[in-house]
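Taken in sequence, the protein lines are chains U and E.
Quick note: to get my numbering, add 22 to the position in the first sequence (first position is 1).
Quick note: to get my numbering, add 22 to the position in the second sequence (first position is 1).
Each residue gets a CB set at the ideal place from its N, CA and C atoms; glycine is no exception.
Protein chains: 2
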Amino acid sequence: MEKITVSSDPAATEMLAVATAAGIDTVWDRHRMQQPQCGFGSLGLCCRICWKGPCRIDPFGEGPQFGICGADRDTIVARHLARMMAAGAAAHSEHGRHIALAILHLSQGRLADYKIHDEAKLLAVAGRLGIAAEGRAVLDVARDVALKTLEDFQNQDDETPCNWISASLPAKRIDRLRQLGVLPHNIDATVARTMARTHVGCDADYTNVLLGGIRAALADFNGMVLATELSDALFGTPSPVVTTANLGVIKPTAVNVAVNGHNPLLSEVICDVAHEMDAEARAAGAKDGVNVVGICCTGNEVMVRHGIPLATNYLSQEMAILTGALDAMVVDVQCIMPSLARVAACFHTQVVTTMDENKISGATHVSFHEETARETARRIIALAINAFGRRDQARIHVPDVKHTAIVGFSAEAVIGALSKLDAEDPLKPLIDNIVNGNIQGVALLGGCNNTKSTQDESFQVIAKTLAKNNVLLLATGCGAAAFAKHGLMTQEATNLYAGDGLKAVLTAIGRAAGLDGPLPLVLHMGSCVDNSRAVALATALADKLGVDLSDLPVVVSAPEAMSEKAVAIGTWALAAGFPTHLGTVPQAGGSANVVKLVTEDAKGLFGGYFLVEPDPEVAAGKLVAAIKEKRAGLGL
Amino acid sequence: MEKITVSSDPAATEMLAVATAAGIDTVWDRHRMQQPQCGFGSLGLCCRICWKGPCRIDPFGEGPQFGICGADRDTIVARHLARMMAAGAAAHSEHGRHIALAILHLSQGRLADYKIHDEAKLLAVAGRLGIAAEGRAVLDVARDVALKTLEDFQNQDDETPCNWISASLPAKRIDRLRQLGVLPHNIDATVARTMARTHVGCDADYTNVLLGGIRAALADFNGMVLATELSDALFGTPSPVVTTANLGVIKPTAVNVAVNGHNPLLSEVICDVAHEMDAEARAAGAKDGVNVVGICCTGNEVMVRHGIPLATNYLSQEMAILTGALDAMVVDVQCIMPSLARVAACFHTQVVTTMDENKISGATHVSFHEETARETARRIIALAINAFGRRDQARIHVPDVKHTAIVGFSAEAVIGALSKLDAEDPLKPLIDNIVNGNIQGVALLGGCNNTKSTQDESFQVIAKTLAKNNVLLLATGCGAAAFAKHGLMTQEATNLYAGDGLKAVLTAIGRAAGLDGPLPLVLHMGSCVDNSRAVALATALADKLGVDLSDLPVVVSAPEAMSEKAVAIGTWALAAGFPTHLGTVPQAGGSANVVKLVTEDAKGLFGGYFLVEPDPEVAAGKLVAAIKEKRAGLGL
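Structural data, given as structure tokens:
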């Protein structure tokens, strides 16, 4: 087998050698074991929607061209993609509903361990949703916001769109989406309908199926916006904070607790109570007390809000356990490798699942409920302190790799920083610099890690190329973590990699904002649900200019897209009007019609479209070209 | 390739020769083309839930044992099954919601083309749902029933179960399901949560995943009950009616319109207006006017309510077009072969899709909305009359095969017939005969057709064996259609095949009900959503006896299970406490743990379990044994 570089992350690479020496399989071994991967599945030409199957379409046109039911390649490919979008929408929205219900219960006095940390955000959200707030008690407003949010899971009138999407996109975009019949009216119902219309013997018109999928993807957007905004109200809106990232944040001298997953409801409380238990940790021999570190998007959530150091992102989550110094990994939902329990079984590390609907065979389950959040968090940290005592000192190996990262760039924080240049009209300096070309455009880099790419590498190549071309860079999710881990969220990176125009703007803003130098090269907006923050910024720009999102020189890139959530995000980015790069080739190549629809025809329908390109250099070039095309459309 | 008998249906077999002669591929050709089917998929060991994959587990233990994310065979198998259950629940419940919304809109005066046909049923339903009805206008009660039903798609409190399931199962069963955490609180939310928990990196404990799937399956049950009961209120509760079944019901001398799919909202109106257009059909040369025939479950719906003849069931739906005498096939949702448009392109037949979320490339789409139902129905029949003029007389070939079928045995109709024996206590004769052994037990035969079986054959073998063993037979869906097509819904069949005890009981009831002889051998309860009718009957029995459903000598069999709806139905049958036979081997064989859970451990948890057995003779023996075991449990 060809020797390949599996990760560009030196810490992960170092730990991989440790894993190999110890004979412990990791995600990269499993990837290798899975080669060659099924060609039918890779092309989307496999269907397992009913028990007459499995059916496969011969991509070469010689074998079967239809499933047993009669579905053709287009229908088979489209159905599978639509179901991925529905699953992504379900995942994000479940997270969002969880936060909404927590706020409802808080407003009812049922949650002693939470409070509204950001009243200004709550009031801003209430205003957007048309809820009167003046002179009312905060918790009453919170209740109404929660109830208005839950309507987006309850409304039964197809023609009345969800509250949140209506309040979060430019009117022109809403009109376009309504005309195309893809404006969701209810998140759950849209997920269920997508499943229903892809049942055997239902929708067999690939365009119709995909429009249904796009409606589900926009339901995903709705779920993400509400998750972000309500989390901000509950836990605070991120503002810039300096922290560190990569496995070197794990301290051999502390009880290390990693929070992994996506939902901040538990991890916020763990951060709250961790230092209350420092004394117990010290008593157990950990001189630096309790050290909470983040992994994946739960990590991003607590990083952008509180500067909690980030240990790593999706693909290298097992490596945190391999350091031998991680005492507990506390997981909630999504993108948690089931292998964690098996890796942890080779160490003292306690893997703790916390959500009743997300257990892992072999892990310890501590059922989390908001009503008893602090108690549960303390119980989990106690498990970590206990595990600390079982450490094998000989096996501790923490890579000496970490980077400073300036993070916490919510839309509000970006506009706040801009207001230092123009307090009256904060967006004006940004628009002026886009118009004068100092900034050519804006790129949002997000999405997952994927073993099909060298971990984190495409993110860096694309970011550096775009920066050189004076593109303002925003990042979320595992993409943001990749930049944080590699030192691209620093002022040094701006000085090193930004083109002159971009550097001048970032420096002007940074200085005005009181930093002794530029803003970091890549602005960390948060977790993957926080892609909504980039849309909020773009919507503010579009509204200010009186244009639609699809008119803006804004592009999206998910160089290592992997999860169904990423499929949903990429799809709503397309539907929002953004050229959207995928570095992973979708399981769709078996249908030329579907490929044409999402890469070409979508441009006429939505303004956005998919750019599929695994090579990051080539991808960056295409993104720059897409930005130039959008600029030309604006006469720039 | 081995010569195999593809159908036990002489009409389908005759038409298959016509198809072969004409060089037109049918479902059986596509089945043959798909051989050999993928072994990984057949065992459930393929995962396409994220774009790191596709991943496959080596069933022999030599190749990969984990997906790239780390998911093991148990998780991979369980996730796929749970998603099938969710999709089934989504499909049935979408149908149910459609009816509920129609009733709501009717109550608001928005639907001129509908009325409440069965006020007694509406009032009975209102009573079950705790809605006061006395002295109120029918439409006001209807509105409250619709709103109470929609709550089952809206409730956000996990701990409050859906209204319909609570009103439809014995209290003991509800308690057991609550204890196991599988009682659904909201259909849509349960579907969405099932999708969310099966997203990459979420639930990785196969038992937990499957319990989540079972909750979705019980949401499916909820959706089916409400679909059945509200359809009865709207269109009438079925009562016995004599009709005919099989392709011979197509009349060369009439404009033939087949209604195919599942949802009665359009087909009911088509039946209403068809004869208004007889004169136009005659003017076009069709001396027998318009002849509406049914296919699949839309066919069952109008058959049990109005005695509309049934042309055929799922697997042979293409054959209806091949007769050359079908002028239009009007389809709504589910189990409609996408190939219909291609087969119809070889004939004059107009394939008309009617639901905006269920189109077929190559078909004519006439968008159906309840507000303009009659107008749409007339437009569709006009298309059929127009197509009639394009018939190629030389290609008309209608098999001379049809059987009488006595159908329409709703739970109310069965109890109504029993009341002729004991007006005071209608269930008493049934219970007495179960106790004295004249009736050994009750079997519900339902589910699909599947190309993996000889069409309809297993149904007949199992039914005849069970009947000989004095098991009372109920049937729904494509199973019911199989019996109707083959003459097993006749008095002659009772005389031929029923064991002495069963024959005596069916004869006593039949005579008391004014029939000149016994009830038919198999009682047609309706479409696949009408499996709820069998549960209603079983619940009445259990409540009368003060036992749980799992105590009753009641079994379920789906010898040709195929669709995700069937997976959901089979699963809720298990969860309701019934031994449930599957003649199709589920895509689960790759996980011994999952297989053990659903075939063995489920018995302890739910009382019900899966009996997987493709051989119908063997299956019948196992079902008889399961009935005997349940009888022994009751001391019989």
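Residue state for Met359/U is assigned as coil, using DSSP reduced to three classes. At a C-beta separation below 8 Å, Lys381/U has these neighbours in chain E: Asp225, Ala226, Asp227, Asn230.
Listed in chain order, the positions of the segment 344-359 of chain E with a beta carbon within less than 7 Å of a beta carbon of chain U are Val355, Gln356, Cys357, Ile358, Met359. Distances from the CA of Leu466/U to each of Ala445/U, Ala489/U, Arg78/U were compared; the closest alpha carbon is that of Ala489/U.
Here Phe369/E carries a coil assignment [DSSP, helix/strand/coil]. Linking Ala558/U to Leu103/E through their CA atoms gives a straight-line distance of about 38 Å. Here Lys381/E has Thr375, His387 as same chain residues with Cβ atoms under 8 Å from its own Cβ, once five neighbours each way along the sequence are excluded. Given a length threshold of 3 residues, each whole run of the beta strand (DSSP E) inside the segment 290-369 of chain E is given here in chain order: 312-317, 332-334, 348-353.
Under DSSP, Val634/U forms a beta bridge with Leu604/U.
The C-alpha of Thr48/E is placed about 28 Å away from the C-alpha of Met511/E. Under the 8 Å Cβ criterion, the segment 139-147 of chain U does not count as touching the segment 395-415 of chain U, having fewer than three qualifying pairs. For Glu323/E, the nearest beta carbon of chain U is not closer than 9 Å to its own beta carbon. Beta-bridge pairing by DSSP links Cys69/U to Cys77/U. At least one CB of chain E lies nearer than 9 Å to the CB of Asn472/U. Contact annotation, His391/U with Lys507/U: C-beta distance approximately 33 Å; criterion of less than 8 Å not satisfied. When secondary structure is reduced to three states using DSSP, Val271/E falls in the helix class. DSSP, reduced to helix, strand and coil, places Ala427/E within a strand of the structure shown.
In the three-state reduction of the DSSP assignment, Leu466/U falls in the strand class, which pools E and B. Cβ contact annotation for Pro636/E (same chain, cutoff 6 Å, sequence separation greater than five): Gly605, in chain order. Distance check between Gly468/E and each of Ala267/E, Asp444/E, Ala503/E places Ala503/E closest, using alpha-carbon atoms only. For a Cβ distance threshold of 9 Å, residue set Trp73, Lys74 of chain E lies close to Thr606/U, ordered along the chain. Using a Cβ-Cβ cut-off of 7 Å, Thr97/E is close to Pro360 of chain U, given in chain order. Annotated three-state conformation of Leu574/U is coil, per DSSP.
The residues Leu344, His419, in chain order, have a CB closer than 6 Å to that of Val40/U in the same chain once the five nearest residues on each side in sequence are set aside. Per the Cβ contact rule, the segment 259-279 of chain U is not in contact with the segment 625-632 of chain U (fewer than 3 Cβ pairs under 8 Å). Residues of the segment 52-72 of chain E with a Cβ closer than 8 Å to any Cβ of chain U, in chain order: Arg52, His53, Met55, Gln56, Gln59, Cys60, Phe62, Gly63, Ser64, Cys68, Arg70, Ile71, Cys72.
Contact between the segment 609-619 of chain U and the segment 95-115 of chain U is present: three or more C-beta pairs spanning the two stretches fall below 8 Å. When C-beta distances to chain U are compared with 8 Å, the residues of the segment 168-182 of chain E below that value are Leu172, Phe175, Gln176, Gln178, in chain order. Buried is the label assigned to Phe600/E, since at least 16 other Cβ atoms lie within 10 Å of its Cβ. Three or more Cβ pairs closer than 8 Å define a contact, and the segment 565-580 of chain U falls short of that threshold against the segment 534-551 of chain U. Look at Phe88/U: its C-beta is under 9 Å from a C-beta on chain E. Note: His387/E is bridge-paired with Thr375/E in the DSSP secondary-structure output.
Put simply, the CB of Val213/E is near chain U, with a gap under 9 Å to one of its CB atoms.
With the criterion set as a beta carbon lying under 8 Å from some beta carbon of chain U, the members of the segment 571-587 of chain E are Ala583, Met584, Ser585, Glu586, Lys587, in sequence order. Residue environment: Val589/U is assigned as buried (16 or more neighbouring CB atoms within 10 Å of its CB, all protein chains considered). Separation of the CB atoms of Ile484/E and Pro262/E is rounded to 23 Å, and the pair is thereby denied contact status at 8 Å.
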